[in-house]
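This report concerns only the one structure given below.
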Amino acid sequence: MTATILDGALDRLRESGPERVGWLSNHAPMAVEALARAGYGHRVHQWIDGYADRLEERPRGIARIAPDEWRDPLGDPVRTGDWLDLFEREVRAVPWREVLSRWWPRLLPGIAAGATHGVIRVGHAVRALREAETPARVTELGQGLAYWAARWQPLAPVGAGPYRSTDPRAALDAVPRVPDQRFGIRHRLAQLADLPQWPETAGAIPDAGPGTTAARLAAVVRAAAERHGSYGYGNPVMLVHAVTAPNAVKRVLPALPESMWPASLAAAWAAAAAVTAAYAPAEPRPLPQPRSDLTIAELADRAEAIGDPHAIKYADAVADVLAAMPDPALLAAAARSVDELAD
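Okay, so the sequence shown: first residue is 111 according to the working numbering, each after it adds one.
This is how it looks when you write it as structure tokens:
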């Protein structure tokens, strides 16, 4: 990735707010990081030009948030400007890893923030920072953390019990669906508290066998990516987050103390399960036939040509999965999913 291209794009986006029209996420910082990572740095500024009418100004602060008074404004979107100001001060004062380690356990219980875009934005920022520490990327991490704090939203309480399955895909297939799928994500996630199976489902993290926390999390991401091929048609855009949210957590793990990894895995699994419960249709559809001529690069090409930020971020996450373990069947399914994410 050419650092100057990404940094220039992030500087260009710096004064834009994290949302538009009161709720919808600003996908630009995440999409440009994914595009640059995939080798489309030469297209980044043109992509921003096409997205410019979806950008709003950075909100102004109301009152300073003191470092020891963060609990009360947590999850208050009216204080978004104050959160942006707080994290701007934080990332200027101490190394970014210290800021991340301090705030990660505070924010992780509210992983549903902004339809999981809070953690996803942080995941993109951390990946970029692990490649090169630059002022633009440090600032972007602060803005991602601020967005997460402003929209902080916990999921319904989860339980703890025996694993439902050693297979993460089977565990996702066992996730119960919310009964009313007519409205937006806040309406749907609110129903989780009334699902008798939810505490056990969300608390019983699937165990793919002996392996590290990172390997178990990677297995959850792969399972969600596979499932999108069969169930993504129900709501292609929103079900993408069952893949990209846990993948964002996976990207952050190497920058965190290992003591924080188990809670990170638990939150990532709960997020994937919650999005699945909220948006998955009742029945799967047949998968397309695998194609030996299809490549990860072609998947990225399709996403870039479509231009939709969810297509770009989904292809980016699937590329992570396939880089670890090639799978022609998943690649063919993902290509169809990317095509369905066209505006």
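All C-beta atoms, glycine included, are put in the ideal place defined by N, C-alpha and C.
Cβ-Cβ distance between residue i and residue j below 8 angstroms
{"i": "Ser447", "j": "Gly339", "result": "yes"}
{"i": "Trp214", "j": "Leu363", "result": "no"}
{"i": "Leu165", "j": "Ala141", "result": "no"}
{"i": "Thr457", "j": "Trp371", "result": "Outside the displayed range of the chain (111 to 453) lies residue 457, so it cannot be described from this structure."}
{"i": "Thr386", "j": "Val285", "result": "yes"}
{"i": "Arg298", "j": "Val288", "result": "yes"}
{"i": "Ala328", "j": "Ala434", "result": "yes"}
{"i": "Ile221", "j": "Ala377", "result": "yes"}
{"i": "Val209", "j": "Arg361", "result": "no"}
{"i": "Ala225", "j": "Ala335", "result": "no"}
{"i": "Tyr341", "j": "Pro400", "result": "no"}
{"i": "Trp379", "j": "Val331", "result": "no"}
{"i": "Gly160", "j": "Gly417", "result": "yes"}
{"i": "Pro316", "j": "Ala281", "result": "yes"}
Residue i versus residue j - alpha carbon distance
{"i": "Arg122", "j": "His227", "result": "20 angstroms"}
{"i": "Ala421", "j": "Ala381", "result": "19 angstroms"}
{"i": "Met111", "j": "Ala119", "result": "Confidence in Met111 is poor, its pLDDT being 46 and thus under 50, which makes the residue's placement unreliable; the coordinate value appears in the next sentence. Met111 and Ala119: Cα-Cα distance of roughly 13 angstroms."}
{"i": "Trp206", "j": "Leu251", "result": "8 angstroms"}
{"i": "Leu255", "j": "Leu196", "result": "10 angstroms"}
{"i": "Leu145", "j": "Glu450", "result": "19 angstroms"}
{"i": "Val232", "j": "Pro396", "result": "34 angstroms"}
{"i": "Ala344", "j": "Ala388", "result": "Note on residue identity: the sequence assigns Gly, not Ala, to residue 344. So the alpha carbons of these two residues sit roughly 11 angstroms apart."}
{"i": "Gln263", "j": "Asp403", "result": "43 angstroms"}
{"i": "Pro128", "j": "Ala242", "result": "23 angstroms"}
{"i": "Pro346", "j": "Ala333", "result": "16 angstroms"}
{"i": "Ser369", "j": "Gly313", "result": "19 angstroms"}
{"i": "Pro245", "j": "His351", "result": "28 angstroms"}
{"i": "Arg337", "j": "Asp178", "result": "42 angstroms"}
{"i": "Trp193", "j": "Pro398", "result": "45 angstroms"}
{"i": "Ala303", "j": "Arg279", "result": "23 angstroms"}
{"i": "Arg247", "j": "Leu217", "result": "20 angstroms"}
{"i": "Pro436", "j": "Ala203", "result": "42 angstroms"}
{"i": "Val154", "j": "Asp283", "result": "37 angstroms"}
{"i": "Leu291", "j": "Asn136", "result": "In the sequence as displayed, the identity of residue 291 is Gln instead of Leu. Straight-line Cα distance between these residues: approximately 24 angstroms."}
{"i": "Pro219", "j": "Ala373", "result": "9 angstroms"}
{"i": "Leu441", "j": "Arg130", "result": "33 angstroms"}
{"i": "Ala162", "j": "Pro391", "result": "33 angstroms"}
{"i": "Arg240", "j": "Ser211", "result": "14 angstroms"}
{"i": "Leu349", "j": "Arg181", "result": "30 angstroms"}
{"i": "Pro419", "j": "Glu143", "result": "11 angstroms"}
{"i": "Asp277", "j": "Gln301", "result": "26 angstroms"}
{"i": "Leu134", "j": "Thr405", "result": "32 angstroms"}
{"i": "His234", "j": "Arg189", "result": "23 angstroms"}
{"i": "Gly132", "j": "Gln253", "result": "17 angstroms"}
Rounded distance between the beta-carbons of residue j and residue i, thought under 8 angstroms
{"i": "Gly191", "j": "Gly171", "result": "4 angstroms"}
{"i": "Arg326", "j": "Leu375", "result": "6 angstroms"}
{"i": "Pro73", "j": "Pro267", "result": "What is shown of the chain runs 111 to 453, which leaves residue 73 out entirely."}
{"i": "Arg168", "j": "Glu200", "result": "Not quite, the Cβ-Cβ distance comes to about 17 angstroms (not below 8 angstroms), so this is no contact."}
{"i": "Ala410", "j": "Ala429", "result": "7 angstroms"}
{"i": "Ile475", "j": "Ala358", "result": "Summary: the structure shown does not reach residue 475, with the chain confined to residues 111 through 453, and so no result is reported for it."}
{"i": "Leu116", "j": "Ala238", "result": "6 angstroms"}
{"i": "Arg261", "j": "Ala223", "result": "4 angstroms"}
Alpha helix (DSSP H) segment containing residue i, residue limits
{"i": "Tyr100", "result": "Lying outside 111 to 453, the shown extent of the chain, residue 100 is not represented and no answer is given."}
{"i": "Ala376", "result": "Trp371 to Tyr389"}
{"i": "Tyr257", "result": "Pro245 to Ala260"}
{"i": "Val94", "result": "Coverage of the chain is limited to positions 111 through 453, which leaves residue 94 absent and any answer about it impossible."}
{"i": "Asp117", "result": "Ala113 to Leu123"}
{"i": "Tyr161", "result": "Val154 to Tyr161"}
{"i": "Ala444", "result": "Pro438 to Glu450"}
{"i": "Ile406", "result": "Ile406 to Ile416"}
{"i": "Gly191", "result": "Thr190 to Ala203"}
{"i": "Ser211", "result": "Trp206 to Leu217"}
{"i": "Glu143", "result": "Ala138 to Arg147"}
{"i": "Ala266", "result": "Counting along the chain, Ala266 falls outside any alpha helix (DSSP H), and DSSP gives it neither H nor E."}
{"i": "Pro356", "result": "His351 to Val362"}
Residue i CB to nearest heavy atom of the ligand NAD below 7 angstroms
{"i": "Gly294", "result": "In the structure on display, the ligand NAD does not appear, and there are no ligands present to speak of."}
Those runs of the beta strand (DSSP E) which lie wholly inside the stretch 282-343 and span at least 3 residues: Runs found: none.
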